[in-house]
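Going left to right, the sequence shown walks through residues 8 to 402 as our numbering numbers them.
Cβ coordinates follow ideal geometry from the N, Cα and C atoms, glycine included.
In what follows, a single structure is set out as structure tokens and then discussed.
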Amino acid sequence: MVLSRIARAGIALAAFSFIASSFVNLPTVSGAGLTCGDGNADSSGSSPPSPGGGANGNSTASGGKLPIFYFHGSSGSAENSVNHRANLTAEGRTFVALEFCAGTCSTKTGLNEQVAMGVKNVRSVIAANPEVYKDGYIFIGHSQGGSVAKFVIQEMDDHKVKTFVSLASSGNGRFYGPQPEDAVPMSIAASLIGPQIPQSIFNASAYSDPATWNGKFQRELLAAIFDHPELQASIPQFNQARSPYVAPWLAVNPLFPRYHNLVECSGAPDAVRQCRADQKRYKDNFVRVNNIHLFASPNDSVQAPYQTGLYGFYSNVASLEAVETEFQSLKMLDMTETPEYLGDTYGLQTLHKAGRLHRHSVPMVDHNCWNRNSTDFKWECLWEPVYAKHIYPLL
């Protein structure tokens with residue numbers, strides 16, 4: 008394995024200057040610091056496949072390694088993957104950092120449109136050099152890009168994704184809940200979400216002290232989301248929000264309920280037939296992936312709950328008011344306790360029981376350390392040890 012150190016001018020980041028561009032990942036200077044991510048990294052109970060080809064199925068017919076597509080996160084760009092790209096291309100791998108909706112496009116364009124862009128872009132890259140991609144390829148997605156990559160897989164009937172690696176994604180929706188690990192993400196939530204929402208709809212500046220929220224911020228944010236479904240087309244943070252009060256979320260969210268096959272097909276006979284065909288297609292496309300690896304960290308400090316990256320989420324309540332009044336009683340559900348898994352709605356149970364869905368909870372890796380060295384949250388997390396131990400062996 009080739010591991011290159013990419014040195015850039017150090018970027019001094021105060022805690023809240025980071026928040027303003029919290030998902031932009033620029034490489035930082037390598038140096039001594041905490042070696043993070045040393046804990047047991049597979050919470051699924053199944054052993055990770057062996058490195059390289061073999062059990063991962065990541066080799067071409069001629070014995071080479073499969074090409075890789077990288078999906079950046081919110082407000083990001085191809086620059087986010089510079090460390091991954093440098094190390095993989097140094098050993099001759101084909102690496103494509105997708106940039107179909109970079110920067111402000113990724114913060115002001117609904118994920119439905121971004122998914123369509125992603126499908127078109129991946130197909131365009133493959134069409135330009137089909138020989139390189141004929142044996143398949145790998146998807147890596149970070150943060151919002153992990154969700155976009157998952158939905159691209161489900162939407163793309165002709166995909167040949169052999170391995171999907173999701174890093175700190177909002178894979179099962181976002182909600183700032185009562186567990187201790189949500190405290191830091193909650194402390195930056197208003198600064199993260201506020202600039203993207205018209206103040207006339209939701210005044211995030213009124214919530215300066217997360218310690219006083221106790222479900223009030225969460226209830227009022229969800230109310231704004233439910234009252235303004237038109238903003239789903241232009242605020243990806245609304246797309247990624249998930250509600251413990253399920254009914255209105257199912258009605259207004261155009262993404263997770265659809266791709267997770269949680270919506271009851273109804274209407275005219277032709278519409279019902281099309282809906283059921285799409286549901287089958289989304290599930291079939293997802294379970295065609297040979298191996299899916301979900302990574303998250305209790306110390307993520309941006310994603311909430313961090314378990315969303317492992318496809319877990321909070322328990323449900325019976326009303327919007329209960330989001331506040333029963334806030335402290337919300338329970339974290341493991342992936343295997345969610346409606347999606349129990350109903351095998353889009354293939355989670357199928358993949359998990361086949362030993363092809365692997366969940367990795369890695370301690371002391373903050374949100375951006377999956378891509379670069381990070382000092383964003385009071386400790387130094389070095390990217391190379393995280394990459395070498397947890398990510399590279401899967402590629």
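Check: For S177, the nearest candidate out of A303, N90, D277 and F107 (CA to CA); Outcome: A303
Check: Buried versus exposed, by CB contacts within 10 Å (16 or more), K157; Outcome: buried
Check: Minimum length 4: unbroken alpha helix (DSSP H) runs contained in the stretch 128-153; Outcome: 137-140
Check: Test: K290 CB closer than 8 angstroms to a CB of chain D; Outcome: Here chain D cannot be found, since the structure has a single protein chain.
Check: Limits of the unbroken alpha helix (DSSP H) element including H367; Outcome: That residue, H367, is in no alpha helix (DSSP H); its beta strand (DSSP E) goes L364 to S368.
Check: Cα-Cα separation between S154 and Q186, rounded to whole angstroms; Outcome: 23 angstroms
Check: Bridge partner(s) assigned by DSSP for V279; Outcome: In DSSP, V279 forms no bridge with anything.
Check: Cα-Cα separation between K141 and R288, rounded to whole angstroms; Outcome: 22 angstroms
Check: DSSP-derived helix/strand/coil call for V172; Outcome: strand
Check: DSSP three-state assignment for N407, whether helix, strand or coil; Outcome: Absent from the model: residue 407. The displayed extent of the chain is 8 to 402, so no value can be given.
Check: Counted within 10 angstroms of its Cβ, other Cβ atoms place D383 as buried (16 or more) or exposed; Outcome: buried
Check: Terminal residues of the beta strand (DSSP E) in which A104 lies; Outcome: F102 to A104
Check: V168 burial status per 10 Å Cβ neighbour count (16 or more: buried); Outcome: buried
Check: Identified DSSP bridge partners for M339; Outcome: Y321
Check: Within 8 angstroms, strictly: CB atoms of V103 and V132; Outcome: yes
Check: Straight-line gap, P251 to K290 (C-alpha atoms, nearest Å); Outcome: 24 angstroms
Check: Endpoints, alpha helix (DSSP H) assigned at H374; Outcome: Unbroken run through H374: none, as it is neither H nor E.
Check: Per-residue DSSP class, three states only, for C388; Outcome: strand
Check: Per DSSP, the bridge partner or partners of L238; Outcome: DSSP output for L238 lists no bridge partner at all.
Check: Reduced DSSP secondary structure (H/G/I, E/B, other) of S28; Outcome: Low local confidence applies: a pLDDT of 36 at S28 is under 50, so the model's placement there is unreliable, with the coordinate-based value given in what follows. Coil at S28, not helix or strand.
Check: Assumed close pair F320, N179 - CB separation to whole angstroms, cut-off 8 angstroms; Outcome: 5 angstroms
Check: Under the three-state DSSP convention, the category K157 falls into; Outcome: helix
Check: Burial state of R226 (16 or more Cβ within 10 Å); Outcome: buried
Check: Element boundaries [beta strand (DSSP E), containing H300]; Outcome: N298 to A303
Check: Three-state class that DSSP yields for K115 in the structure shown; Outcome: helix
Check: Backbone secondary structure at F76 - three-state DSSP; Outcome: strand
Check: With 16 other Cβ atoms within 10 Å as the buried cut-off, status of G184; Outcome: buried
Check: Residues of its chain near M339, where Cβ-Cβ distance is below 7 angstroms and the 5 sequence neighbours each way are ignored; Outcome: Q186, P312, Q314, G319 and Y321
Check: Simplified DSSP assignment, three categories, for A248; Outcome: strand
Check: Own chain, CB closer than 8 angstroms to V270, minus 5 neighbours either side, in chain order; Outcome: L257, P264 and C282
Check: Residue burial classification, W390 (beta-carbon count within 10 angstroms, cutoff 16); Outcome: buried
Check: beta-carbon S336 near the ligand NAP non-hydrogen atom, thresh 7 angstroms; Outcome: This structure simply doesn't include the ligand NAP, nor any ligand for that matter.
Check: Check whether F76 and V129 have beta carbons under 8 angstroms apart; Outcome: yes
Check: Under 8 angstroms between C-beta atoms of N378 and H149; Outcome: yes
Check: Minimum C-alpha distance to N90 - residue among Y394, L402 and P400; Outcome: Y394
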